[in-house]
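Take a look at the structure set out below.
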Amino acid sequence: MAADRKPNILFILTDQQRHDTIAALGNELIYTPNLDRLVRRGVAFTNAYSTCPVCMPARYTVRTGCEPPTTRSFSNIFVEPAPGQAATMRGRCGPYLAETMKGLGYRTFGIGKFHSSPWDEDLGYERHLHSEETYQTPEKRAGDAYARWIEEHHDSFSFLEMLMGERSEMYYMPQMSPLPAELCVEAWASDRAVEQINIEDDRPFFGVVSYIGPHPPLAPPIPFNRIYDPDRMPTPVKGDRAEDHMDDQIPWMNHAVFAEDVTDNHTRILYSRYYGEITYIDQCIGRVLDALEASGQADNTLVCFVSDHGDHMGDHHAWQKESFFESSCRIPFLLSWPGHIAEGSRSDALVCLTDLFGITTKAAGAGEFRDGVDVLGMLNGTTPPRESLVGYHGAPGTRRSKFMLRSGQWKYIFMANGGREQLFDLEADPDELHNLAGDNEPTQRMRDELTRLLKERGPAEALCDGKLLSLPFEMRERRRLYQFDGSRGVNGFPKSPEQYLREYSKK
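The C-terminal residue of the sequence shown carries number 569 in our numbering, and the numbering is unbroken.
Put into structure tokens, the structure is as follows:
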């Protein structure tokens, strides 16, 4: 390999993996030998965040290097561009990361979950294999690379409506994969990644392997479904329910996924499956890392491992994500690049998914940081660390809008619905059990700083008369979230079981 060859760059993403799920970073209950391997080979960031902790916005920050005020993705639904902004995502942000890397001479591939809008958006990869979670239409199922692979090569499993486990009312019910481990979507993605790594090409590669797990349903394959004893699993951290539920998104989402009344015992069972999913994915990651080693490219490859956000897993009487509690928005963030990043190091610098754009382009020799910061420069001491970090969620100017400011030991959260505030001293109170917001200096200082940053960066709709927009509190109407196999006409529970079964038997 030529000494001046640009490094390969490999992103490994998981979905909904908490920051505290890596053995080498202090979790003594979980087995993650391959993530531990990355920890030993590089740097682990202990204050890494998803600035909009939900699937689609998080992924757009990665592919654009821009924050939600620019992408206009504050939830899984886009909002209209702000006045003066371009109408298109690329117009507002610039070329996507894969396109940028291709322009820098890279061979590019993307495998797995990308959660774009539209679902089949051209994201700029030369080789792009989608594997999304649900199939709302026959066209989407037919266009899904993993579903098509199952149908073409393992059609005995084609009868399955949900290849990754049942959703809707089964979101937080312990399950087992209906497929053997070697046929699950994570194994499929790893196999495709190994194929791409082994392609002979004069160009370096930029590749993304994006796993669907451990996002619910929690359905690891045999034997990963039974390798953790529920009686040894964590019990969720809970404060006062009224304080935990100041963010009305939490009880709304609990209801949406049938998780209003999950007991601590049930939670420990769910953790045993959640950890099983993570250990299974870790094994799949190991195959990808082994392929890098076997190909002789490992020493010239920058590996970036992150998750798009976490999962409350019962903490704060909450399930799913979309809050600014640590279990939701703080993420694992590992960088490994032999000879360039100190092995076995830790950094408490504030970093986020948006920074991946600059990490990647700088490693390729043409740093472009957009809304991020120069993380590689921070590591070698040529760039100062970020002083603060802003989080965004919900359409600005509406009751769904809320913001986070992380600075020093403090985390401040403002919710437009009722003008509610939370302030946590994360050094003294890492579990966020004591809300210190009130008529005091830290609250006023953090509120003023958040206001200043939103004036500077947007979104403008977050402010009214120069202050954070506060609207009279209204409880959000509860509704269930139904996710069935729309590609086969299944969109909900039938009103009449008898009639449904009669019609189903005729198919």
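The beta-carbon is built from N, C-alpha and C at its ideal position, and this holds for glycine as well.
Here the structure is a predicted model, which means the values were calculated and not measured.
Note to self: Taking contact to mean 3 or more Cβ pairs, one atom from each stretch, closer than 8 angstroms, check whether the region 86-93 and the region 372-385 are in contact.
What the structure shows: No, the region 86-93 is not in contact with the region 372-385.
Margin query: Let me check understanding here. Comparing Cα to Cα, which of 74, 540 and 435 lies closest to residue 444?
Written below: Here residue 444 refers to the residue found at position 382 when the sequence shown is read from its first residue. Nearest neighbour of residue 444 by Cα position, chosen from 74, 540 and 435, turns out to be 435.
Item checked: Secondary structure of residue 181, DSSP reduced to three states -> Translated into the one-based positions of the sequence shown, residue 181 becomes position 119. Under the three-state reduction of DSSP, residue 181 is assigned to coil, being neither helix nor strand.
Item checked: Whole alpha helix (DSSP H) elements within the region 414-447, 4-residue minimum -> Taken in chain order, the unbroken stretches of alpha helix (DSSP H) that lie wholly in the region 414-447 and span 4 residues or more are 418-425 and 437-442.
Notebook entry, point to check: Secondary structure at residue 408, three-state DSSP: helix, strand or coil?
Noted result: By one-based count along the sequence shown, residue 408 stands at place 346. Here DSSP, grouped into helix, strand and coil, assigns residue 408 to strand.
Next item on the list: Starting from residue 487, trace the beta strand (DSSP E) both ways and give me its first and last residue.
Entry: What you label residue 487 is simply residue 425 of the sequence shown in a count that begins at 1. Residue 487: member of the beta strand (DSSP E) spanning 482-487, first to last residue.
Check: If you draw a straight line from the alpha carbon of residue 155 to that of residue 341, how long is it in whole angstroms?
Finding: Counted from its first residue, the sequence shown places residue 155 at position 93. Counted from its first residue, the sequence shown places residue 341 at position 279. Computed Cα separation, rounded: 36 angstroms.
Check: Using a Cβ-Cβ cut-off of 8 angstroms (strictly less than) and excluding sequence neighbours within five positions of residue 168, which residues of its own chain qualify?
Finding: Your numbering for residue 168 matches position 106 in the sequence shown. If we look at residue 168 and ignore the five residues flanking it on each side, its Cβ neighbours are 68, 71, 265, 266, 267, 268 and 426.
Margin query: Buried or exposed, going by whether 16 or more other CB atoms sit within 10 Å of the CB of residue 139?
Written below: The count along the sequence shown starts at 1 and reaches residue 139 at position 77. Using a 10 angstroms sphere on the CB of residue 139, the tally of other CB atoms stays under 16, which defines it as exposed.
Next item on the list: Could you please give the first and the last residue of the uninterrupted alpha helix (DSSP H) stretch that includes residue 357?
Entry: Translated into positions along the sequence shown, residue 357 becomes position 295. Run containing residue 357: 326-357, per the alpha helix (DSSP H) assignment.
Checklist line | Bridge partners - residue 475, DSSP secondary structure assignment | finding: The residue you call residue 475 lines up with position 413 of the sequence shown. Secondary-structure assignment with DSSP links residue 475 through a beta bridge to 466 and 484.
Item checked: As assigned by DSSP and simplified to three states, the class of residue 165 -> Along the sequence shown, read from residue 1 onward, the residue named residue 165 stands at position 103. Residue 165 falls in the helix class under three-state DSSP.
Note to self: What does DSSP give as the partner residue(s) for residue 515 in the beta ladder?
What the structure shows: The residue given as residue 515 occupies position 453 in the sequence shown. DSSP output for residue 515 lists no bridge partner at all.
Item checked: Selected residue, minimal CA-CA separation from residue 262, among 359, 481 and 184 -> For the purposes of this step, residue 262 is taken as the residue at position 200 of the sequence shown. Nearest C-alpha to residue 262: 359.
Note to self: Taking its Cβ as the centre, do 16 or more other Cβ atoms sit within 10 Å of residue 374, making it buried, or is it exposed?
What the structure shows: As a first step, residue 374 must be located in the sequence shown, where it is residue number 312. That one is buried.
Notebook entry, point to check: Mapping DSSP to helix, strand and coil, what is residue 553?
Noted result: By one-based count along the sequence shown, residue 553 stands at place 491. Reduced to three states, the DSSP call for residue 553 is coil.
Notebook entry, point to check: Taking all protein chains shown into account, do 16 or more other C-beta atoms lie within 10 angstroms of the C-beta of residue 252, making it buried, or fewer, making it exposed?
Noted result: The sequence position of residue 252 within the sequence shown is 190, counting from 1. Burial call: buried.
Checklist line | Of the residues 380, 411 and 354, the one placed nearest residue 400, counting alpha carbons only | finding: The residue labelled residue 400 in the question sits at position 338 within the sequence shown. When each option's Cα is compared against that of residue 400, the closest is 354.
Notebook entry, point to check: Looking only at C-alpha atoms, which of 456, 415 and 454 sits nearest to residue 437?
Noted result: Indexing the sequence shown from 1 puts residue 437 at position 375. Considering only alpha carbons, the answer is 415.
Notebook entry, point to check: Is residue 70 helix, strand or coil when you go by DSSP?
Noted result: The sequence position of residue 70 within the sequence shown is 8, counting from 1. Three-state DSSP puts residue 70 in a strand.
Notebook entry, point to check: Cβ of residue 402 within 9 angstroms of Cβ of residue 351?
Noted result: Position 340 of the sequence shown holds residue 402. Position 289 of the sequence shown holds residue 351. No. Outside cutoff.
Next item on the list: To the nearest angstrom, report how far apart residue 243 and residue 223 are at their CA atoms.
Entry: Locating residue 243 in the sequence shown gives position 181, counting from the first residue. Locating residue 223 in the sequence shown gives position 161, counting from the first residue. Rounded to whole angstroms, residue 243 to residue 223 spans 18 angstroms at the Cα level.
Checklist line | Selection from 81, 551 and 478 that minimises the alpha carbon distance to residue 533 | finding: Sequence index remark: in the sequence shown, residue 533 carries index 471 (1-based). With distances taken between Cα atoms, residue 533 lies closest to 478.
Notebook entry, point to check: Does the region 282-295 touch the region 320-337, meaning 3 or more C-beta pairs lie closer than 8 angstroms?
Noted result: Counting Cβ pairs under 8 angstroms, three or more are found: they touch.
Checklist line | Buried versus exposed call for residue 79 [16 or more other C-beta atoms within 10 Å across all chains shown] | finding: Numbered from its first residue, the sequence shown carries residue 79 at position 17. Label assigned to residue 79: buried.
Next item on the list: Out of 286, 562, 379 and 160, point me to the one whose CA is closest to residue 271's CA.
Entry: For the purposes of this step, residue 271 is taken as residue 209 along the sequence shown, with counting starting at 1. Answer by Cα proximity: 160.
Next item on the list: Return the residue from the list 257, 347 and 370 that minimises the CA-CA distance to residue 277.
Entry: Mapped onto the sequence shown, residue 277 falls at position 215. The shortest Cα separation from residue 277 among 257, 347 and 370 belongs to 370.
Checklist line | Between the CA atoms of residue 526 and residue 474 - distance to the nearest angstrom | finding: Along the sequence shown, read from residue 1 onward, the residue named residue 474 stands at position 412. Along the sequence shown, read from residue 1 onward, the residue named residue 526 stands at position 464. One C-alpha to the other measures close to 19 angstroms.
Next item on the list: Quick one: grab the DSSP three-state call for residue 455.
Entry: Walking along the sequence shown from the start, residue 455 turns up at place 393. It is a strand residue.
Margin query: By DSSP's criteria, residue 504 is part of a beta bridge. Which residues make up the other side?
Written below: The residue given as residue 504 occupies position 442 in the sequence shown. BP columns for residue 504 are empty, so no partner.
Checklist line | residue 63 classed as buried or exposed, judged by whether at least 16 other C-beta atoms fall within 10 angstroms | finding: Within the sequence shown, numbered from 1, the residue matching residue 63 stands at position 1. Its pLDDT being 40, under 50, residue 63 is placed unreliably in this model, and the coordinates cannot settle the point.
Notebook entry, point to check: What residues match up with residue 172 in a beta bridge as DSSP calls it?
Noted result: Within the sequence shown, numbered from 1, the residue matching residue 172 stands at position 110. DSSP output for residue 172 lists 190 and 270 as bridge partner(s).
Notebook entry, point to check: Apart from the five residues just before and just after residue 239, which ones in its own chain have a Cβ nearer than 7 angstroms to its Cβ?
Noted result: Within the sequence shown, the letter at position 177 stands for residue 239. Excluding sequence neighbours, residue 239 sits near 227, 246, 281, 282 and 283.
Item checked: Helix, strand or coil at residue 109 [DSSP, three-state] -> Looking up residue 109 in the sequence shown gives position 47. Of the three classes helix, strand and coil, the one that applies to residue 109 here is strand, per DSSP.
Check: residue 202 to residue 406, Cα distance in whole Å?
Finding: As a position in the sequence shown, residue 202 is number 140, starting the count at 1. As a position in the sequence shown, residue 406 is number 344, starting the count at 1. Taking the straight line from one Cα to the other gives about 43 angstroms.
Next item on the list: Any chance you could list the beta strand (DSSP E) runs of at least 3 consecutive residues sitting entirely within the region 74-145, in chain order?
Entry: Runs found: 104-111.
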